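Participant: I'd like to ask you about the structure that follows.
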Amino acid sequence: MSKQNSYCKEELLACGRGEMFGEGNAQLPLPPMLMFDRIVSITEEGGKYGNGQIIAELDITPDLWFFSCHFTGDPVMPGCLGLDAMWQLVGFYLGWMGGPGRGRALGAGEVKFSG
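Convert by adding 464 to the 1-based position in the sequence shown; the result is the number in the numbering used here.
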């Protein structure tokens, strides 16, 4: 696989089907749990610590699955889905860098939501 510096939705879906990084390696979830529509930039360098950066976007539309149940009459995107998006991006980044493994988060020490 040749490294690209951006990925469209169809390419992310291919990753979700296991067609990008090879058998047994990083694989994104498929919709509705895929938490971004495109990766607009991915680099090995840059970012706050110079170790790389990945930037993705999710198109927020009123018909997204979570708005109908969280909360009735007051639709809000659950904060845990934002956290899941970050985990998905880290897993993708590790696969993109050639790291072995499934690219899945195994846990988090402490998480705080506010807003």
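Glycine residues also receive a C-beta, built at the ideal position from the N, C-alpha and C atoms. Since this is a predicted model, take the numbers as computed values, not measurements.
Pull up the DSSP beta-bridge partners for Arg568, would you.
Facilitator: Within the sequence shown, the letter at position 104 stands for residue 568. Answer is none; Arg568 lacks a bridge partner.
Participant: Nearest-angstrom Cα distance between Pro564 and Leu528?
Facilitator: Along the sequence shown, read from residue 1 onward, the residue named residue 564 stands at position 100. Along the sequence shown, read from residue 1 onward, the residue named residue 528 stands at position 64. Distance between the alpha carbons of Pro564 and Leu528 is about 32 angstroms.
Participant: Assign Leu570 to buried or exposed, taking buried as 16 or more other Cβ atoms, counted over all protein chains shown, within 10 Å of its Cβ.
Facilitator: Numbered from its first residue, the sequence shown carries residue 570 at position 106. So Leu570 counts as exposed.
Participant: Going by alpha carbons, who is nearest to Leu477 out of Leu558, Gly562, Gln552?
Facilitator: In the sequence shown, counting from the first residue as 1, residue 477 sits at position 13. Comparing Cα positions, the closest option is Gln552.
Participant: Helix or strand or just coil, what does DSSP make of Val575?
Facilitator: Along the sequence shown, one-based indexing puts residue 575 at 111. Coil.
Participant: Thinking C-alpha only, which one of Cys544, Phe556, Asp501 is nearest Ala572?
Facilitator: Translated into positions along the sequence shown, residue 572 becomes position 108. Taking only the C-alpha atoms, the option nearest Ala572 is Cys544.
Participant: Just to confirm the assignment, what range does the beta strand (DSSP E) spanning Glu475 have?
Facilitator: For this step, residue 475 is matched to residue 11 along the sequence shown. Segment 473 to 480 is the alpha helix (DSSP H) holding Glu475; no beta strand (DSSP E) there.
Participant: Compare the beta carbon distance of Asp501 and Lys473 with 8 angstroms and say whether it is the shorter of the two.
Facilitator: Position 37 of the sequence shown, counted from the start, is the residue given in the question as residue 501. Position 9 of the sequence shown, counted from the start, is the residue given in the question as residue 473. Yes.
Participant: Tell me whether Asn515 is buried or exposed, calling it buried when 16 or more other Cβ atoms sit within 10 Å of its Cβ.
Facilitator: Position 51 of the sequence shown, counted from the first residue, corresponds to residue 515. The residue in question, Asn515, is exposed, as its Cβ has fewer than 16 Cβ neighbours within 10 Å.
Participant: Where do the N-terminal and C-terminal ends of the beta strand (DSSP E) with Val504 fall, by residue?
Facilitator: The residue labelled residue 504 in the question sits at position 40 within the sequence shown. Note, Val504: beta strand (DSSP E), 502 to 507.
Participant: May I ask you to report which of helix, strand or coil DSSP gives Gln468?
Facilitator: Translated into positions along the sequence shown, residue 468 becomes position 4. Note: Gln468 maps to coil in three-state DSSP.
Participant: In the DSSP output, what is Ile518 paired with across the bridge?
Facilitator: The residue you call residue 518 lines up with position 54 of the sequence shown. According to DSSP, Ile518 bridges with Ile506.
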